[in-house]
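Each residue of the sequence shown is one higher than the last, beginning at 7 in the numbering used here.
C-beta atoms are modelled at their ideal positions from N, C-alpha and C, and glycine is treated no differently.
Fair warning: this is a prediction, and the values are worked out from it, not measured in the lab.
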Amino acid sequence: MNVLDILPAPENLKKLMKILASLNIVLCPEDWLRYHSFDSKFDKNVSLASIDNGSGDNLFIIFTPQGTIIKGFDHESEVSPYARDEHEVWPGIYEEVPTLLLSLLEDEAIAKDDVTFCFWRENNDLTWQKGKVEIPAGVEDGSDFLLGTIFRTAEDFVEFAEGYFELTLPLEVVAQVYEGAAITKEMIKALNPDGDVETILQELAELDT
């Protein structure tokens, strides 16, 4: 199945990334160790969601009033610039990206040239777009792998947290978060009994400012 066909629309994707980021805030006090993050103040009217697995692979999603762009990097992919003799971005990845959206990747923290796939969707697009990228048979660009870490269900997140954070989470509480419930002190205690509740609540409030 084409990964673009199952990728949520931007507004739904944004909600999902905020849910994942909020759960990471509750579970992990060190922001640099979090798997999913969300910055609602990346720039004026621009939000940044990110995924970092700590092993050299990452995903950035930039949400703007004009559209959304996704840049992913699988460090083991043969599509990586570091796997190429000339250390250049794989042909076709960026050539057709709208100028405004492409310019958003220039931020140093995003490392524009560290890329193995890029998708985008302007406001007038009905579907996600990608460039004319020709990849040899059997070669993966990392999109299935990295987009697969945008966990769609509470069950999937609970399974992930058990492996990554080594925590056994109450499914019913995680399900409440996925359903859009505001995270309360009681929910924080249920998810992370050792967490600093006030600090966590303050960080959660910043997600929506």
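Straight-line measurement puts the Cα of glycine 201 at about 11 Å from the Cα of glutamate 192.
Following the DSSP letters along the chain, one finds asparagine 64 inside the beta strand (DSSP E) bounded by residues 64–69. Taking the C-beta atoms as reference points, isoleucine 31 is found nearer than 8 Å to leucine 210. If you ignore the 5 residues before and after aspartate 119, its C-beta comes within less than 7 Å of the C-beta of Pro87, Val95, all in its own chain and listed in chain order. Counting only the Cα atoms, aspartate 58 lies some 12 Å from leucine 153. Judged by DSSP in its simplified three-state form, tryptophan 126 adopts strand. For the alpha helix (DSSP H) assignment, the uninterrupted runs of no fewer than 4 residues enclosed by the region 106–154 are, from N- to C-terminal side, 149–153.
Between the C-alpha atoms of alanine 27 and leucine 173 there is a straight-line separation of about 16 Å.
A residue is called buried when at least 16 other Cβ atoms come within 10 angstroms of its Cβ; histidine 93 does not meet this threshold and is exposed.
With fewer than 16 neighbouring CB atoms inside 10 Å of its own CB, aspartate 49 falls in the exposed class.
In the three-state reduction of the DSSP assignment, alanine 55 falls in the strand class. Excluding its 5 nearest sequence neighbours in each direction, serine 149 has C-beta neighbours in its own chain below 7 Å: Val9, Gly78, Phe123, listed in chain order.
Judged by DSSP in its simplified three-state form, threonine 190 adopts coil rather than helix or strand. The closest CA to that of proline 71, considering only Gln135, Lys24, Arg127, Glu165, is found on Arg127.
Contact annotation, glycine 73 with glutamate 102: C-beta distance approximately 13 Å; criterion of less than 8 Å not satisfied. For the pair methionine 23 and isoleucine 75, the CB atoms are not nearer than the 8 Å cut-off.
Here the alpha carbon of valine 203 sits roughly 40 Å from the alpha carbon of serine 83. Annotated as distal: phenylalanine 151 and aspartate 45, with beta-carbon spacing of 8 Å or more. Linking serine 53 to glycine 144 through their CA atoms gives a straight-line distance of about 34 Å.
The three-state reading of DSSP puts serine 28 in helix, counting H, G and I together. Exposed is the label assigned to arginine 90, since fewer than 16 other Cβ atoms lie within 10 Å of its Cβ. The three-state secondary structure of threonine 205, taken from DSSP, is helix.
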